[in-house]
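Colleague:
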Amino acid sequence: MRSRRAGSARGAGMESATIAHLKEFITTRRGVEAFIEQPTTMTRATVLLIAHDGEWTRRSVSSVDWARRFAASHRLPAYDAGVVGYPQRMRDYNARRRSG
Numbered sequence: 003m004r005s006r007r008a009g010s011a012r013g014a015g016m017e018s019a020t021i022a023h024l025k026e027f028i029t030t031r032r033g034v035e036a037f038i039e040q041p042t043t044m045t046r047a048t049v050l051l052i053a054h055d056g057e058w059t060r061r062s063v064s065s066v067d068w069a070r071r072f073a074a075s076h077r078l079p080a081y082d083a084g085v086v087g088y089p090q091r092m093r094d095y096n097a098r099r100r101s102g
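Quick note on numbering: the sequence shown equals residues 3 to 102 in our numbering.
In structure tokens:
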């Protein structure tokens, strides 16, 4: 089901499964921060959620504005990934998964 409520954290064209996944990640992990990735000619905007231990999830979203509103509505710190980059804890998490 697609939501059409303008101005909400849901956003037009967002799949309910995507929203549910992001909310589940936030509620089952601690210290989550949002890293917003700008759209490119090949991909839509994305939001990357990173927990305190570096565990992460990335989902395509309808717009950068939607990602900012989503982060704000869930009281998540939000960063522009193209400006600040990705935290070391994410790279460490990925390295642990590869070696483990």
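The C-beta atom is built at its ideal place from N, Cα and C for all residues, glycine as well. Please read all numbers here as calculations on a predicted model, not as lab measurements.
Between the segment 82-97 and the segment 17-28, can you find at least three pairs of beta-carbon atoms closer than 8 Å?
Modeller: no
Colleague: Just to confirm my understanding: we take A39, look at its own chain, exclude 5 residues before and 5 after, and list those with CB closer than 6 Å. What are they?
Modeller: The count along the sequence shown starts at 1 and reaches residue 39 at position 37. Note on identity: in this sequence residue 39 is Glu, with Ala being the wrong assignment. Contacts found: T48 and A83.
Colleague: Quick one: give me the first and last residue of the alpha helix (DSSP H) that R100 is part of.
Modeller: Counting from 1 along the sequence shown, the entry for residue 100 is found at position 98. R100 -> alpha helix (DSSP H) spans Q90 to S101.
Colleague: Check whether the Cβ atoms of E57 and R77 sit closer than 9 Å, and answer yes or no.
Modeller: Stepping through the sequence shown from its first residue, residue 57 is reached at position 55. Stepping through the sequence shown from its first residue, residue 77 is reached at position 75. Cβ atoms of E57 and R77: not closer than 9 Å.
Colleague: Taking 9 Å as the cut-off, decide whether the C-beta atoms of D2 and R93 are in contact.
Modeller: The requested residue 2 is not part of the displayed model; the chain covers only 3 to 102.
Colleague: Alpha helix (DSSP H) containing D67: first to last residue?
Modeller: Within the sequence shown, the letter at position 65 stands for residue 67. Residues V66 to S75.
Colleague: Classify R98 as buried or exposed, calling it buried when 16 or more other Cβ atoms lie within 10 Å of its own Cβ.
Modeller: Locating residue 98 in the sequence shown gives position 96, where the first residue counts as 1. With fewer than 16 Cβ atoms within 10 Å of its Cβ, R98 is classed as exposed.
Colleague: Within its chain, find whatever has a CB closer than 8 Å to the CB of V86; leave out the 5 residues flanking it on each side and keep chain order.
Modeller: Walking along the sequence shown from the start, residue 86 turns up at place 84. F37, listed in sequence order.
Colleague: Tell me where the beta strand (DSSP E) around A80 begins and ends.
Modeller: Residue 80 sits at position 78 when you count from the first residue of the sequence shown. Segment A80 to D82, the beta strand (DSSP E) holding A80.
Colleague: Since R46 and V63 should fall inside the 8 Å C-beta cutoff, what is the C-beta to C-beta distance between them, to a whole number of angstroms?
Modeller: Counted from its first residue, the sequence shown places residue 46 at position 44. Counted from its first residue, the sequence shown places residue 63 at position 61. Indeed, because the Cβ distance is near 7 Å, the residues count as touching under 8 Å.
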